[in-house]
Every structure is written in C-alpha cells, then in structure tokens.
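To keep things clear, I will list the structure first and then write my remarks on it.
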Amino acid sequence: MAPAPPPDSRDAHGLTAAEAARRLAEFGPNLIETGRRFHLLWTGLGLLANPLVVILLVASIVSGIVGETLSAVIIVSIVLLSVALDFFQSFRSEKAASSLQSLVTLTASVFREGQQSELAVRDVVPGDLLQLRAGDLVPADATLLSTVTLTVDQAALTGESLPVHKEVGAGVDGQLFAGTSIVSGVAQALVSATGARTQFGAIAHALVEKAPPTEYERGARSFGLIIMRTVVGLVLFVFLVSALLHHDALQSLLFALALAVGLTPEFLPMIMTVTLAAGAQRMAHGKVIVKHLSAIENLGTMDILCSDKTGTLTLGALKMQSAVDALGAPSADVLRWACINSALESGVRSPLDAAILAHEHPAIAAYQKRDELPFDFERRRVSVLVSGPAGVQVLTKGAPESILAACSTIDDPAGPMPFSVDTRQTATDTYERLSRSGYHVLGVARKAVPSDQRVLTAEDEHSLMLCGYVAFEDPPDSSAAEVVADLRRSGVAIKILTGDGELVTRTVCAQVGLKTDRLLLGDDLDRLSDTALTVVVERTDVFARVNPSQKNRLIRALKRNRHVVGYLGDGINDAPSLHSADVGISVSNGVDVAKAAADVILLEKSLAAIYRGVVEGRRSFGNITKYVLMGTSSNFGNMLSMAVAAAVLPFLPLLPAQILLNNFLYDISQLSIPTDNVDPSWVARPRKWDAAMIQRFMFGLGPISSLYDFLTFGVMLWIFNAGPELFRAGWFIESLATQTLVILVIRTTGNPFKSRPSRALMLTVVGGVLAGVALVVSPLGEVLGFAALPPLFFGVLLVITVTYLGIVQALKRHFYASSGLTASRPVDIRQLRGSSAGIRNRVLGR
C-alpha cells in the first residue's frame, strides 16, 4: 500500500491543479471495482465455452476429419456467426447501460488552489482538502482537520447501527473512511487514501454480496428449466431412435446436438438484455435513468409507490410567503431570527433554509455562531447559539408542534407573555390556519442565555419564547391529479409518506384526489403492532409526521403483503427505505447517500417521470414475453415434429448444418423484438412471470405447429414424391416461415391487422423468411444439401402458412384472456402531457 502524503504536502488552500493531475496519474482514479465488468476477451470466451457450442465445434471437427468437410465448414461458420452476433449485441447493451450510468455522477466538494469546487469522486486524490456536510458520502479515507457537531454513519463499513461522533484527534475518531456518510454537522478533512487503498477498498469484494434474485430473474430461471427439461428429454429420444434405425452414428450425434442448439432458447438472455437496454435508453429520453437493467422490470411490476408530497404532488419550488408573530401579524423580527438560524446552522441541507435566505431579509452579519444542535427527526427542530446586538441567545426553528411544546412564553412588544390556555390556543390557531391554507409552516422561538455561554445542550431548548411562524408556499403540480389517476388506473397505488404536518398534508393530498379520511400520524404507527400495521397499511393512503424509521417500517409491511413497492426519496435519511423497497427511486439533485442507495435516478422529480418509467418497464417486459411465448410454442412444436420425423423417416429430416442455419435465420429475425410496439393491455397493470401461462401456451400452440409440419411432411412425400434433399428443402422453408411469421400474430392480444408492428420487426421477420427461401432456391442450396422445389410448392406453402397463422390467431385469444391480457379498459396514456405523449405513441404504435 502506497504511503499517504503527509499534511504538509498541501498548501493552506488545497492542491494546485498541476499537483492534483500528477497525483491522479500516480495513484489512479478514485474507484473501487466491486463487480464484474464487461471484458471483451472473457465475454467472448464465455460464449464459446457454452457446452452445446463446444460439443458442436468438436463434433464438426471430427466430421471434417472423416471426410464431411463441407458439412463441418458450414456448422463451424454458423456457430461462430451466432456467437459473434450474441457478443456484439451484449457489447452494445453493456455500452448503452454504462453511458446511462455516467449521466448520474457523484461529486465531492474539494478545495483546489484556494477555490472550493465540485469534482467527480473519481478525480479525488490523496492530499485533497475536502469540505463535507450532512448528506455527503465520504469519497475517500481522510484525516479530520476541523469539525462542527460531526456525526457519521459507518454501518456500511463496521455494521454499527447508530451514527458515530467524530472530532479532530488521534485514533479512529479523528478519521473518516470511504463508503461512510455524514449524518450531521460539517467538517474539513485531508484525503489520505483513495480507491483500492482505502479501508473500504481493501474489503470491498468481501462486503459485496450477490443480490437476491428478483421476481423477474426467478421467472426467467423457471422458464429456462422448463425448456431445458423438455429439450433434453426429446433430444435423447431423437438420438436413440436414430441409432435404432441404424442411421449414421456421427450424423445422428450431430443431428441431436444441432437439434439441441436449434430448440434451446440460447438467445433468450441476449434478447432480455437488449430489450432492457433499449427500454433504458427510452427511459433516459423520458428523464429516468436506471442504474441496473433489472430495475426496469421492478419498475414495471411495481404496484405501490411510496413518496413524499414535496416535488411529486407539488411543484417542489418552495417559496417563503410570510413571517408572522404568534397572533398572525407580519413580523420582521420573526424573519430576522429565522434567517440567522438558517444562515448559521450547518446540519441537514434544507430547501426551507434556502427559501428563507432567498427572501428579502434584514442584515444579519453582526450575529456570530457559538454552537448548534443539528436537526434530527426525534426533536424536529434545529437550534443555534449566537451572539449579537441582542446579546447571547438560543434561536430555534422547527416543526410547529415541536416548537410549541418547548415554549413557555410568547414574544410580545411589551415583554415575554406567559403561555396561558387562551394564548396557547391562539398560537395554535395561527399555525393551523396557515396549514389549512396549504402552507408549509415552521415555528420560530428564542431564549436569552448568559453572555459567557459557549456550548449548547438539549436543556437549552426548554422554556423557549415563541416568536411566531414562517409560512412557505409549494403549489400543487397542475398535472399531479391526472398522473395519480393514471397510475391508479395502471394498477399502481400511491401512498404518501411525509414528515409534514397533518393539516397541510390533508389539504394538498385532497387537491390531487388522494383520500385523507384515514390519514395516520407517525405517533399512531408507533402504537400499532406489526400484525395490525399490515392491515392498516392496506386501507390508508396518507401518512403524516412520519420519521425515516417509520417510513421504512411501512415499506416492510407492504412487502410482507406481497406488494412490489417503489420508494421515492432524496434526503439523508431516505437511504434505509430506498434499500428496503423493491425499487428505490431518487433524483439527480438529491443527496449523495440517497443517489447511491437508489436503483433509479430521476432527472426531474415528478410523478409523470415515474409513470413514464412504469410504462417503459412494462413495455420491455411485454416484448420479452412475446419472445418467450413465440419461442416456447415454436420450439416445442419443432421438437415434436423432429421426434416423429426421426422415428418414421428412413433419413434425417434435416441435416445438422440445415438445422443450425434454420435456427440462425430465425434468431436473426427476432433481434428487433425490443423495438416493437405493445398493445395497451400489456401496460394496463403490473405483470410478473407466469410459468403456468407459458406452459399452457407451449403445450397448447406447440402441437398445432407440429400438425402443420406433419401436413408438410405428407405434401412432400405423397404429392411431390420427395427424396431426402427435396423433403429437407420443403420442410426447411415451411418450418422457418411458420415459426418466424407467427410473431406477427402472437405480438398482439387482438387483431394483428389493427396493431402495427415496428418497422424493424416487420423488416427482419419478412427478411428472414425471404433469406431462407433465397438460400434454398439459389445455387447455394445444392451446396447446403437442398434440391430445387417445384413452383407448386410455394402455393401450398402459402396456404399452410396462412391457415396456421389463422388457427393461432383464434386460439391465442383464449390463452391471453385467461391471463388477463385482453383488458376491457386499457391504460389511457393520453392523460399525460408533454414528453409522455411520445410514450403513448410508441406504445400504441402510432
């Protein structure tokens, strides 16, 4: 481990740009690799190491050695082309995902050449001078140089559940460590180690555990097992039958292996990745950035969204409206005390403080801070000890209920007036009147203390004098009511979890159509057992005055009830809830600790952005489901056909190279599925993997495909008196046409002529079939082992294909209806304004 630079290696104003560049070159970027990155060589070798691919390559080499050179060349070429295609698509998807993640960058506040600036965390170097405050992630190991009431969350590193107090000095109490976060206070620190040289970097690989599989991943695994069991059974059957019929042993082995490749959905992982990556790109255009592709599925299956009201139901543009005394009269003194408190407190960054300081206010430069008690969610207030023209005093602001409870007198021009029943009620009425008008309200109080007092304690927050209130306006978002209704129609319930008071919460929620008749307060939740909470949380949509631990408890209760829960949060104490939720959502201007915990980052904090993400998540899942349904029905039908053909024909129905070529053309034709439009019914409600529905589809429509294969067998044998080469040519084209074109029927729950596929899908599907026909009828067909087909065959092919697609169209309605995919009231995306209209057009294919 390289030694850290000593403190005297920096000047008093931080590193120079030249020195910082030199150290960046010496120590490298401040990164910790905790996951497996996409590596060209290892990814390519991994694809080549697929057991079926290895066996095919070995078998083809053996085939070449015994004289089947042309067949061996064709097989090797097709296998390598398939691997190259898989590699190329995976590489593109990985690059797309990486480019999206780069849009959300964590920064650190660093002094360089006497100027404080925000740098990307990766550019922090040993010797940098950091400025840290509540909400910041510690970007590197560092030695504390100065602190003000500093507490740090070290749970990620040490497992400690409570914040740890830090101060300048020797030992671990004077050190900050990468991966921890600032809970309260401010600090300056000198970076001592970065990247893998940090304490966190040394144990990062041990700390990173594989995330439990999502519902999506479990469903995909279940589907894969169903297919693999069926494939293995039928392939063994085909090989044994071929051996019993005394077919050439090598050709029988190659036939069985090629059949396994052709019938295994080996491109399913790639199709999933490409589809999710395409969805992520579309979501980025809608100002939604996914940090992990799997988060798209979670967003699409989410059925409950928990959120604060600020910036979602409201515009999130807090503006100070007024400062009044306890009786409701405008007060310059209240504004002054609030401004001093906001300017001098160094704890949690609050938009309320920004709104106060942005308002025109009296001069406060004469006041100096001596100490402070940072805000916390138990006290719900922040206090500063200041000296100034009015002497030494404690200035406190916070939630009105908390301030009122700490006061014993009211500030009056004639002098402090004791709280009586009447005066307390008057002060309470003033606060409640403002709250009912939709204002966010803070209480302001103060207390004179001895002139020599230098330290502030919790005892100093008792017997305060109520000065008055500061009211803030945050108007409801004009589109919020419509988006709430859209989400509700889409099967996503909204639950508001806010720290704001009951009255203002009721007012704002009622304005956007949320029921508030069963509103619960945080104190009410503490009186409920976990069992009772699982019942109450289902019928309650609005929770007010809840702290972070109570929010987390609500999310866990919803998950126990089998809901897929999303949580939108951007504050310091939202990280536990973001971790607990199935899909954690934060915003690009949120605190670092929230962005680090989130799965999805919004470039704008709005319900409309989340709704667009939900629609795109469901669209991606819908397109993957199309591929799965088509693959299961077509592949199972082909397996049955192969099994029967191998048992009754005196020759192999298709040569191994022909099977692989057929499979390659089929796979190429389906690569554009991620671009396809989806019916409204696919996005009408949350959907999960339904293995039972997939099996019904496979065992229901697969045999129908086989019946038309058998019909083709009969036509080739009894009408055209086909030999092996002509038989293979006819079945090659019929098999390719039916299994490829069926996606145009399966892709929609309704009439395929009324639901347009994407241009790319139409092009690749039709192009794949035409390419197959061209290969057979061209001079290359003879090289591939095909014979020229009579013109009459193509008329028969047209009849077989059209009737097959017609039967599938008739039967699919039953399967889709049994799975709720023929929604009588499709999601109405037209309710959304602006960029969401583009989502609607893409979903409906317009």
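Note that my numbering has the sequence shown beginning at 1483, numbered continuously upward. C-beta atoms are modelled at their ideal positions from N, C-alpha and C, and glycine is treated no differently. Here the structure is a predicted model, which is why all the values come from computation and not from measurement.
DSSP state of residue i, grouped into three classes?
i	result
T1498	coil
T2220	helix
H1767	helix
T1625	strand
L2243	helix
Y2049	strand
A1486	At A1486, the pLDDT of 38 sits below 50, so the modelled position is not reliable; the number obtained from the coordinates is stated separately. Three-state result, A1486: coil.
K1801	strand
K1851	strand
E2098	helix
Q1657	strand
V1866	strand
L1795	coil
D2074	helix
M1899	strand
A2119	First, the amino acid is wrong: residue 2119 is Gly here, not Ala. G2119 falls in the helix class under three-state DSSP.
A1777	helix
S1674	strand
V1607	coil
D2005	helix
D1934	coil
L2266	coil
Thinking C-beta only, is residue j closer than 7 Å to residue i?
i	j	result
I2228	M2121	no
P1608	F1682	no
S1824	D1815	no
E2216	L2279	yes
I2176	T2220	no
L2003	V2019	no
P1447	V1990	As shown, the chain starts at 1483 and ends at 2328. That puts residue 1447 outside it, with no answer to give.
S2151	T2246	yes
S1663	D1623	no
D1785	V1974	yes
V2046	I2067	no
A1590	V1606	yes
K1997	D2023	yes
V1965	Y2093	yes
V2290	V2224	yes
Just mark residue i as buried or exposed, buried being the case when its beta carbon has 16 or more other beta carbons within 10 Å.
i	result
R2312	For R2312, the predicted structure reports a pLDDT of 34, less than 50, and the residue's modelled location is therefore unreliable. The matter cannot be settled from this model.
V1986	buried
N2105	buried
A2078	buried
R2241	exposed
T1551	exposed
R1918	exposed
L2201	First, the amino acid is wrong: residue 2201 is Ile here, not Leu. With fewer than 16 other Cβ atoms within 10 Å, it is exposed.
E1842	exposed
E1501	buried
Q2032	buried
R2324	Because R2324 carries a pLDDT of 40, less than 50, the predicted location of this residue cannot be relied on, and the following value inherits that uncertainty. So R2324 counts as buried.
F2297	buried
L2050	buried
N1512	buried
D1893	buried
A1652	exposed
G2099	buried
G2316	With a pLDDT of only 39 at G2316, under the threshold of 50, the placement of this residue in the model should not be trusted; the figure read from the coordinates follows. Flag for G2316 reads exposed.
L1718	exposed
Q1875	buried
H1495	exposed
K1801	exposed
L2274	exposed
Starting from residue i, follow the beta strand (DSSP E) in both directions and report where the run begins and ends.
i	result
V1876	1873-1880
Return the first residue and the last residue of the alpha helix (DSSP H) that residue i is part of.
i	result
R2035	2030-2042
S2062	2057-2062
Y1913	1903-1918
E2020	2012-2021
L1826	1814-1826
G1950	Where G1950 is concerned, there is no enclosing alpha helix (DSSP H), although the beta strand (DSSP E) it sits in stretches over 1946-1955.
- [ ] Note down, one range per segment and in chain order, each alpha helix (DSSP H) of at least 4 residues found wholly within the stretch 2158-2223.
- [x] 2173-2196, 2206-2223
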